[in-house]
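The structure appears right after this line, and notes come after that.
See the structure below:
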């Protein structure tokens, strides 16, 4: 038996009574601290609900992290380990960017461009790490090739030894 309801067929009157509401408002809890959300939200975000108190220290980089689909667990590590994975500089510290005249974070989401070359953002699967702008430029200059990076390091070591 099927029951009609507003252009939708339900398998029973119980299912019709429950209805189908994809955006039904439900209470959410913060994925980091467990605090209940003050408001409901629609599903489909890259991250689960995270309260403003938890994201406050990284608020200025949250959009960048979400656009690259960085997992929220990895973003949470920024609270305890805010340093560049290569040189250790604080990624959350804001610096004045040249040309724009505003303060921006040093954080760059490093990802494999061969994985998603058509987009400026990553798919989330190819994120290698969170590094600073300078280290990202250096990685690009060595074409993301570890052999070239090692050769450059050897060259710099040799030149330093010969100067001493």
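Numbering (the working numbering), first residue to last: 209 to 372.
For glycine and all other residues, C-beta sits at the position ideal for the given N, C-alpha and C.
Label residue i either buried or exposed according to how many other C-beta atoms from any shown protein chain fall within 10 Å of its C-beta, with 16 as the threshold for buried.
| i | result |
| --- | --- |
| residue 254 | exposed |
| residue 345 | exposed |
| residue 257 | buried |
| residue 278 | buried |
| residue 263 | buried |
| residue 318 | buried |
| residue 286 | buried |
| residue 362 | exposed |
Quick check on the DSSP output: the alpha helix (DSSP H) that includes residue i runs from which residue to which?
| i | result |
| --- | --- |
| residue 355 | 354-371 |
| residue 170 | This structure cannot speak to residue 170, because the chain is shown only from 209 to 372. |
Could you tell me which residues DSSP pairs with residue i in its beta bridges?
| i | result |
| --- | --- |
| residue 318 | 337 |
| residue 237 | 244 |
| residue 254 | In DSSP, residue 254 forms no bridge with anything. |
| residue 351 | For residue 351, which the question treats as bridged, DSSP gives no partner whatsoever. |
Can you look up residue i in the DSSP assignment and give me helix, strand or coil?
| i | result |
| --- | --- |
| residue 373 | Outside the shown range of the chain, which is 209 to 372, sits residue 373, and nothing can be said about it. |
| residue 291 | strand |
| residue 272 | helix |
Under DSSP, the beta strand (DSSP E) around residue i begins and ends at which residues?
| i | result |
| --- | --- |
| residue 313 | 311-313 |
| residue 303 | 302-304 |
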